[in-house]
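There are 2 protein chains.
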Amino acid sequence: MDSKALQAFFSPKTVAVIGASASSGKVGNAVVANMVASGFKGRLYPVNPKGGTILGLPAVRSVEELPGGIDLAIFAVPRDIVLPAFETLAERGLKSAIVISAGFREAGREGHVLERKLALLAHNHGIALLGPNSLGMMNASHGVNASFSASRPNAGAVAFCSQSGALCQAILDWAADEGFGFSKFISLGNKAVLNETSLLPHLGSDQSSKVIVGYMENIDGGEEFVRTAREVSRKKPVIMLKAGSTNAGAKAASSHTGAIAGSDDACAAAFRQSGIVRAPDLESLFLLAEAFATLPLPRGPNVAVLSNAGGPGILAADACERTSLHMARLSPETVQRLQGCLPPYASVYNPVDIIGDAGAERYRKSLEAVLDDPLTHAVLLLIAPTAMVEIEATATAIAQVAHRSPKPVLTCLLGRAHGSVGREILRQAGLPCYAFPEPALRSIEAMYAYSQWRQKPVPVYEPPRRELAQARTLVELAEKQGRVELADFEARALVSAYGVRVPLTHLARCGAEAIGFARSIGGPVALKAYSPQMSHRRDLGAVALNLEGDDAVRLAFSRLTAHLGRISPETPITGCLVQAMAPADSVEAVVSMRRDEQFGPLLMFGLGGIHTEILHDVSHHLTPLSRDEAFGMIRSIRSYLLLKGVGGHPAANLRALEDVLLALAAMAQDFPQVFEAELNPVLVNHEGALVAEARFTFRT
Amino acid sequence: MDSKALQAFFSPKTVAVIGASASSGKVGNAVVANMVASGFKGRLYPVNPKGGTILGLPAVRSVEELPGGIDLAIFAVPRDIVLPAFETLAERGLKSAIVISAGFREAGREGHVLERKLALLAHNHGIALLGPNSLGMMNASHGVNASFSASRPNAGAVAFCSQSGALCQAILDWAADEGFGFSKFISLGNKAVLNETSLLPHLGSDQSSKVIVGYMENIDGGEEFVRTAREVSRKKPVIMLKAGSTNAGAKAASSHTGAIAGSDDACAAAFRQSGIVRAPDLESLFLLAEAFATLPLPRGPNVAVLSNAGGPGILAADACERTSLHMARLSPETVQRLQGCLPPYASVYNPVDIIGDAGAERYRKSLEAVLDDPLTHAVLLLIAPTAMVEIEATATAIAQVAHRSPKPVLTCLLGRAHGSVGREILRQAGLPCYAFPEPALRSIEAMYAYSQWRQKPVPVYEPPRRELAQARTLVELAEKQGRVELADFEARALVSAYGVRVPLTHLARCGAEAIGFARSIGGPVALKAYSPQMSHRRDLGAVALNLEGDDAVRLAFSRLTAHLGRISPETPITGCLVQAMAPADSVEAVVSMRRDEQFGPLLMFGLGGIHTEILHDVSHHLTPLSRDEAFGMIRSIRSYLLLKGVGGHPAANLRALEDVLLALAAMAQDFPQVFEAELNPVLVNHEGALVAEARFTFRT
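Right, here's the structure in full:
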């Protein structure tokens, strides 16, 4: 999106409201009223065929009468009037638009056609178009409230964009309740033109936005979204709630937005790789927005808990242990300092129990003591409603101490009677205040994870050395022949062209030939029935392993070919492949790739046997892939320890395994026509990795 | 606990307040004031050495002047005065007591001694003693508020007991806020006499309590607790939050209560087996208490979601899919009915989107339609804050329809502006109202799980047939000889005595003997270095598998004995065990038992290899064990599919595996001196199960 158009969109000097109305209760009235109330400093043109004045402003009778080059036109007219008016303004240099009108894609085929026309017009004229079916937009720093929302939020540090109008309204309600403000507030509607990807760079550079928060149901152009989000996340936190992340939810989302749902594995990988903080649910979205907007990031995982009651302290320790954070181990100096300011029966170890009769001063001193501990990175302070709580003085003391510290201080006020006063003081001071310890700890966890992500070096994507010409010849031949997948030999040759080892393989057409090859290989061999049209050999029972001696090989050859002839008579069998057996100490891995509808090539890694198929112990990554990221994929499966060497086995050569992942990532990028690929099994031992079988399928 | 004493405790006719005071602000004043305010109908005796009147009641100067046989004495005096006064009253027929005074076990050694004396006195006189260090007790149905709490909760259907006074106060605050009431409210304090186990049967039979809710940090007499809770849970839901369920939390709890923390595996098994609804955190405890107290139990897992906005509906579908519930598939009749009452662009499939302009009537009709669907078991109704919401009329309509249905209807009011009015109407109608869809679905999930548990047949515990005399001889001999564990042969013999198969095993003292045994067994054999003092053979590398032929056996014999002599020279090696190899198609399982400090024998089941030790894919159960429960243990591991037969393997004989679990459960009960036992590996195939090695360790 053209940055000038976005500039005009967020900070317009001239705004026209098409469908402005003098009758309160109408959308076209609410928009004008909101623009006026927001203190908009530019020229505002209500457009209404009846003329007259609207909220004190002279109405323009038609779009033709508007001056040329309007910065922002807001459409609050019936659907069928939108397009002609938009066309006229587009011809006359319109820079940006908000279409509040509904009845477009969300309302069926006819609306969908109109929406496509609108989008095309906007694209051709470089107009930044929000909606249709949008609640509108607000920009606190420019005095713009181009929406028909009844709520008028405070100015604040959160840029919010949402695909759901209902959630826009809900978050405005919630924010009003929590005394929380927004820098930008954008209801994306149907996302005909402006969407998350086009808005992110602007919000990323926007000085008034400290955090970007979003709700989305589908993503257009997932690969570009990931690239954009990755850059913006380096500057400031991007927090997203993705609806439709389960099967049931995705089905509901598809029927709601009409968009095809990609897989959640891909979406999860996209968010992880681009540093997006993923909110698991709506409540978390709210709480994370508040925490990220108000608190400094923790520099480490160690949390100290301060409480005036034992039980809540224990619950907080439980909650901490269930996250990836740790209960801080307080230094001897801190323990001594706490002993100096706490009564004898207090617990000076973490969780620190400052006892039910703790007043403000005791809270202040113990909070200072734990904040000064260099190995404590965040503090969760609990206030249980005992009779002795001095809630006002305590909240004030906490706010003072917290503001002097570069570490995040989170408070949890249990119970509500005492709470409301204290909550108000803490919120005025810009400190989030929780009703329970668990969400507070989850906020710290997300903030720490984000700070770790931001400290990681920018990944370096270097494609591995490969014989690209040779690889192209292989793939193009198969395509030319109209095949849906590479033949067995071709697949191994392709893997080989990317520098990955494959086993020596011969195609034997009769038992005698098989014996000859087996002898030449030496040691135990595997026989695999071969047909150019066959895949899923193992599932068909067409594999014989660990064959030693001529008799075994001959017998296996006739058994396999007979078996296959019986169960799959339509498959022409060319013979059997003869391969050396894998080394006994090797671990079987699976490396695969599938193109996601939204996010492109999605790599998967797991161990063979039950690990991948039954236990679903796998990791995912979208291409491109760096060596560090390949290692991350390997390390993040639960069964990783099997590769590290357990029970006397030597550790597997992880670098060789990384090479296999990097090779497949490069293949996926080199050959967009390859729709799915599976390297299975990949045999890894301490020496290296060997791809025993590979399949490459084209898009049909 | 004597039921007469408990009767006197909860519904006293005569109550004495020791330490009653005329000065407001004092605990002894608050207690008298609360008793008076609660409308107590019996005789109330304030006791104060100064005499006079206290809140209009004549004060008694000393406990000696009180009439004999007081039903309930409340102690609000300094610690050192409690014991002599208690002694006097105990001699004079006191039936029950609440010790509010603190300074006992929680305050160190001296207090602990005093508390033990108090408990002993109470036991000897059959006095139901609550505390010390208790906030007090309330019984709404008898007009008793024997506490010093400033909050006076409404009467309701929830019986609440808590080990933490701070949480008592917090839940009172919360309840006041939610318009929520209690039948009984019990602050357990130090649990010197009355605890969860002694109170549960009474609360279970209490007509005024529909739900029992508790917070606990430690459990005394875990085995009796499980037996009691199991019976009470059949009558009404018992919802518990256990603090200290992680390592960090348990450490904090131990230092707070001074009690030894049992393992959370044992506690989780105890809760599961006794049908206790476990609240994962404080917020859930509150929400579950409300849901169980107000809603009917769902009779199945299918949830219908009704929403006036697409986004929230999708989020609810996501949340549903993340629980064990299902999104209901609406019947064609329901779909047709919905089509009849919804506008054309509405989605009539689940989640049902009744569109943003839905008023009260549309909510009513669509709610009726989905509630009438026989395959829908619960309804979650979402109200997003659109401009068209008729919140009062809608809430009223929902309440009317919900009350006529035997199915639970949960509502979620997103945003707060519209919410507060609707929330109030729904709460007045006794319907819980959520701010977000996720906790609502977790409540339905917990209610459905509980209803399933309650429908299960009562487990039948039949010990397996066993040679008890023979088993006793084995165990007693080892004990007599002062050994810490059974020798290898004894362990196998013990397993055998419980009807479980063990492999034919010979002890070879030299290579030649080993060859002889191997020949007599036939086929491949395993050799295991043997010393009566050795355990963890595998870890020591003292096992050789799959030996075929004389040479292999001879070589292995000398290698194993030499190896062991080298790495563990102090272990006297008797020779090697020669065993038949396990059948190639067998799966390795691990069955073990460990006595938990709080809950007694805890069985564990998992598969061998990485499944148990690395992936921790195991299940637990406290003894006793029924055959159904044994099957439940087997079925509940993630890798269960491996036993069902995958990749061409036949299914394992699960009944034989159940027999092994039942045998170990019986051993644990027959021999309390056995502290730990491990059957590992247990080899299971389609024919049966074989315990290849077993270890039994005594308490040292």
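Protein sequences appear in the order of chains L and Y. If you read the first sequence in this note's numbering, its first letter stands for residue 1, the second for the next number, and so on. If you read the second sequence in this note's numbering, its first letter stands for residue 1001, the second for the next number, and so on. For every residue, glycine included, the Cβ atom is placed at its ideal position computed from N, Cα and C.
For Y/Q1481, there is no enclosing alpha helix (DSSP H), as DSSP gives it neither H nor E.
With contacts defined as CB atoms closer than 8 Å, Y/I1634 and Y/E1613 fail to qualify as a contacting pair. Contact with chain L is found for Y/T1246, since one of that chain's Cβ atoms lies less than 8 Å from the residue's Cβ. Residues of chain Y with a Cβ closer than 7 Å to the Cβ of L/R638 are, in chain order, L1615. The criterion of a C-beta distance shorter than 8 Å is satisfied by Y/M1137 and Y/F1185.
Three or more beta-carbon pairs separated by less than 8 Å link the region 1028-1044 of chain Y to the region 1063-1078 of chain Y, which places the two stretches in contact.
Within the region 202-235 of chain L, Y215, E217 place their CB atoms closer than 9 Å to a CB of chain Y, listed in sequence order.
A435, F436, P437, E438, P439: these are the residues of the region 423-445 of chain L whose beta carbon lies less than 9 Å from some beta carbon of chain Y, given in chain order.
Closest in alpha carbon position to Y/Q1452, among Y/R1594, Y/P1298, Y/P1463, is Y/P1298. Burial is judged here by how many other beta carbons sit within 10 angstroms of a residue's own beta carbon; Y/H1202 has at least 16 and is buried. Rounded to whole angstroms, the gap between the alpha carbons of L/R509 and L/L527 is 12 Å. In this structure, Y/V1211 lies near Y/A1293, with their beta-carbon atoms less than 8 Å apart. DSSP, reduced to helix, strand and coil, places L/V193 outside both helices and strands of the structure shown, so it counts as coil. In the assembly as shown, L/G156 is a buried residue. Its beta-carbon has 16 or more other beta-carbons within 10 Å. Cβ neighbours of Y/E1548 within its own chain (closer than 6 Å, five residues either side excluded): P1524. Between the C-alpha atoms of L/V684 and L/V587 there is a straight-line separation of about 5 Å. Across the structure, L/L679 and L/F696 are spaced so that their CA atoms are roughly 9 Å apart. Against chain L, the CB of Y/T1323 has no partner CB under 8 Å away; the residue lies outside that interface. By the rule that beta-carbons nearer than 8 Å mark a contact, Y/Y1363 does not touch chain L.
Comparing C-alpha distances from Y/V1017 to each of Y/L1200, Y/N1546, Y/N1034, Y/P1503 shows the shortest one belongs to Y/N1034. Neighbours of Y/Q1336 in chain L, taken as residues at a C-beta separation under 8 Å, are lacking, since the least C-beta distance is about 18 Å. Check the Cα spacing between L/A440 and each of L/P385, L/R322, L/R272, L/A518: the tightest is with L/R322.
Judged by beta-carbon spacing, Y/V1063 lies within the 8 Å limit of Y/V1047, meaning their Cβ atoms are closer than that value. A distance below 8 Å between beta-carbons, with the five flanking residues on each side excluded, links Y/T1574 to the following residues of its chain, in chain order: L1507, R1509, Y1530, S1531, P1532. Short of 8 Å from the beta carbon of L/A651, and not among the five residues preceding or following it, lie these beta carbons of its own chain, in chain order: L643, K644, G645, H686.
Y/G1522 sits exposed, since fewer than 16 C-beta atoms from the chains shown fall within 10 Å of its C-beta. Between Y/G1019 and L/A243, the C-beta gap is not smaller than 8 Å, which leaves the two residues out of contact. Excluding sequence positions up to five before and after Y/A1663, its CB lies within less than 8 Å of the CB of P1464, R1466, V1495, Y1498, G1499, V1500, all in the same chain and listed in chain order. Close to L/L641, with beta-carbon spacing below 8 Å, are these residues of chain Y in chain order: I1610, I1614. Exclusion of the five residues before and after Y/S1096 leaves A1005, L1006, A1008, F1009, P1012, D1071, L1072, A1073, I1127, A1128, L1129, L1130 as the residues of its chain whose Cβ lies within less than 8 Å of its Cβ. For L/I515, no Cβ of chain Y is located within less than 8 Å of the residue's own Cβ.
Within 10 angstroms of the beta-carbon of Y/G1222 lie 16 or more other beta-carbons, which makes it buried. With a minimum length of 4 residues, the unbroken runs of alpha helix (DSSP H) contained wholly in the region 7-47 of chain L fall at 27-37. Checking the DSSP bridge columns, you'll see L/N302 partnered with L/H326.
Here the alpha carbon of L/A328 sits roughly 43 Å from the alpha carbon of Y/M1001.
Under the DSSP assignment, L/Y461 falls outside any beta strand (DSSP E); it carries neither an H nor an E label.
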